[in-house]
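Heads up, the sequence shown is in our numbering, so the first residue is 698 and it goes up one at a time. Each remark here refers to the structure printed beneath this line.
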Amino acid sequence: MNLYQTTIALLKSFDLHPKKRMGQNFLVDENALNRIINAANLNPSDKVLEIGTGLGVLTEALSDKASHVTSLDSDKDMILISKKVLAKKDNIEFIAKDFLRWDPAGEFNKVVANVPYYITTPIIEKLLELAPHPELIVLTVQKEVAERIAACPPPAGKPGGRGNGAFSIFVQNRAEASIDSVISKNSFFPSPKVDSAILILKPYAQPLYDIDEKIVRAAFSQRRKMIRSSLAKFNIDFNKAGIDSKRRAEALTLGDFEKITKLVVRNS
């Protein structure tokens, strides 16, 4: 049986259906699975955290390459199935918990996961604020989200463009972001409405720039307005920073946001 047939048979044997409220879309494409594993560049000493066990498809593939896998899922049914299916695997720890409410106690140096679209943002935020940072994060996310995050590498010193936002700035300041490849919506069961992408994040030891997130959020909260309007409450003298106050938030670089942050700090 291929991966799609195996998935259908497994769900049927446990009398289960994908739970829409939990954003469950199971990977049924072996080619896509192999691309995710290749993107993770695993070696025998790696300890991997997987967020969203699902039916254990990615879990098993990770355990074949890494020394240990910690796999979390808030759906106890998924944990139950995966434990039974992968009972012979002795290098997997299954945890029935919500990652956003979980305090990482174990050690892992890489994160590999197919994350539900509706909680992509908080998951990435938590991952990039972990200490110590994982050395590599490989996530299958909505294609549009991946494209926004990887829109403009910070070292280029260029604005991210119209797709940029407060979340993109947050990620770009904390990690090198790139897209490995696109995964068709037909690679999942049930099929989501949009395609996905394999997003690769390599966290920096510390943020590249000293940026106040409140300022960034304020700037993008009224993204069609010029920054002299969207950031009016901060009483910023943009001339001192050498920044044109008629620009919009999407036209600012990470360096610009750092200059603005320093001005606000001086004035406070």
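Backbone N, C-alpha and C define an ideal beta-carbon position, used for all residues, glycine too.
- Residue environment: Q903 is assigned as exposed (fewer than 16 neighbouring CB atoms within 10 Å of its CB, all protein chains considered).
- For F791, there is no enclosing alpha helix (DSSP H); the enclosing beta strand (DSSP E) has its first and last residue at 789 to 792.
- Residue environment for H714: exposed (fewer than 16 other C-beta atoms within 10 angstroms of its C-beta).
- Counting the other Cβ atoms within 10 Å of the Cβ of Q702 gives fewer than 16, which makes it exposed.
- A straight-line Cα-Cα distance of about 11 Å links S888 and I880.
- Between G720 and P819 the beta-carbon gap is near 13 Å, outside 8 Å, which marks them as no contact.
- Selection D953, A763, P741 evaluated against I924 yields D953 as nearest (Cα-Cα).
- For the stretch 785 to 832, the full-length alpha helix (DSSP H) segments reaching 4 residues or more read 817 to 825 along the chain.
- Taking C-alpha positions only, L739 is separated from K762 by approximately 6 Å.
- Sequence-distant partners of T756 (beyond 5 residues in either direction) whose C-beta falls short of 7 Å from its own C-beta, in its chain, are E747, T750, V766, S768, S779, L783, I789.
- Rounded to whole angstroms, the gap between the alpha carbons of R945 and F917 is 8 Å.
- For L769, the three-state secondary structure derived from DSSP is strand.
- Between A706 and L833, the C-beta gap is not smaller than 8 Å, which leaves the two residues out of contact.
- DSSP places M775 within a helical segment (H, G or I) once states are collapsed to three.
- The alpha carbon of G939 has as its nearest neighbour, out of V961, I957, S771, the alpha carbon of I957.
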